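Residues in the first sequence are numbered consecutively from 1, following full-length UniProt numbering.
Report on the structure given below.
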Amino acid sequence: MKRTYRFKRVTKPKKSIQPDDSIHTSEKSITIGARPKSQSQPQPGILSISNPTLSFNELKILPPDLFQMDALDLVLKILPPDFFQIDALDLAPCLLGKLLRRDDVILRITEVEAYRPNDSACHGRFGRTPRTAPVFGPGGHAYVYLCYGLHTMLNVVADKEEVGAAVLVRSCEPVCGLETIQQRRGQITEKPVLLTGPGKVCQALGISTEWSNHRLYTPGGLELLDGPEPEKILVGPRVGIQYALPDDVNAPWRFAIAGSPWISAPKKTLTLPSSEI
DNA sequence: GAAAAGATTAAA
DNA sequence: TTAATCTTTTCC
1 MKRTYRFKRV TKPKKSIQPD DSIHTSEKSI TIGARPKSQS QPQPGILSIS NPTLSFNELK
61 ILPPDLFQMD ALDLVLKILP PDFFQIDALD LAPCLLGKLL RRDDVILRIT EVEAYRPNDS
121 ACHGRFGRTP RTAPVFGPGG HAYVYLCYGL HTMLNVVADK EEVGAAVLVR SCEPVCGLET
181 IQQRRGQITE KPVLLTGPGK VCQALGISTE WSNHRLYTPG GLELLDGPEP EKILVGPRVG
241 IQYALPDDVN APWRFAIAGS PWISAPKKTL TLPSSEI
């Protein structure tokens, strides 16, 4: 398994980190900006990272070069298998804010839907079939399928083996690798239209159905990483399941980060839970 | 073996 | 609003 470190910013960066700033990495720190070798302490205007935690905002302003380096392993943490082995209804909101990484692309999950056992909208409702077998595997695997013969959908398998539950990733916000995302999407834009919709997320990650059953908790390929927790969460009924039983159609099992523009249509059906109003 | 439908998207 | 597109499941 990949080693994980916790990092902390020990000096304030300049107003913004420039892409051509030099980067120094070592076992215990990442330093960005010109820093004379003779000086043991970071100078003002230099970002130096050493134990513990790099914040999400800091992550976003790091220069692209850093993300092609092994140093990235020092600041991003892969979530362990245990994280996924819970009810899909509990896992779904927990996935908001988490990061999906494949090669130089990192996406922050902004919208999800839970699919569960005894749920007439869940692909597991027909039992274990060649396509849905991963859904019945242990939590933490990917379940990827083709929808309408055109679009691939990425699910995170939830709960214990044999349960048959998963969480659909419906929308994301770009964190790293914008150019690669735009290239794969065939659309040069930074607006939400780039990543709001489950088919778009898969396209941006370059994921096909061959990725179904891939382990998200092992380094390499497609990974699910820890990320900043959202402040408030919106809930609402799931999208595009009119064929299901009324109780399941109405179940509020769709979740999204409140205030985020990176949410797919329809948005009006999402609200703060009654307990927070 | 045939037919219907689908956890969608982009364009008109 | 609709076409595009194809795998899975179900029905005969």
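Just so it is clear, CB atoms sit at the ideal spot from N, CA and C, and this is done for glycine as well.
Quick caveat, the model's predicted, so the values are computed rather than measured.
In this structure ARG170 is in contact with PRO198, their Cβ atoms being roughly 5 Å apart against a cut-off of 8 Å. ILE109 has CYS172 as its beta-bridge partners, per DSSP.
Per DSSP, VAL144 is one residue of the beta strand (DSSP E) stretching across 142–147.
Under the DSSP definition of a beta bridge, VAL167 partners with ALA114, VAL156. Around the beta carbon of GLN203, a 10 Å sphere encloses 16 or more other beta carbons of the protein chains shown; the residue is thus reported as buried.
Contact check for LEU225 against ALA142 fails: the beta carbons are separated by 8 Å or more. A check of alpha carbon separations from ARG254 across THR129, LEU146, PRO81, CYS94 identifies CYS94 as the nearest.
Looking at the DSSP output, HIS151 bridges to CYS147. With fewer than 16 other beta carbons inside 10 angstroms of its own, VAL193 counts as exposed. With a 10 Å radius around the Cβ and a threshold of 16 neighbouring Cβ atoms, LYS200 comes out buried.
In this structure, the beta-carbon distance from GLY124 to PHE136 falls below 8 Å. For the 8 Å CB-CB criterion, PRO117 and VAL163 form a contact.
Shown here for PRO80: same chain residues with a beta carbon closer than 7 Å to its own, the five before and five after excluded, namely TYR217 in chain order. Note on geometry: alpha-carbon atoms of ARG215 and GLY140 lie some 6 Å from one another.
With contacts defined by Cβ atoms closer than 8 Å, LEU205 and GLU190 do not form a contacting pair. In the DSSP assignment, the residues bridged to PHE255 are VAL112, VAL235.
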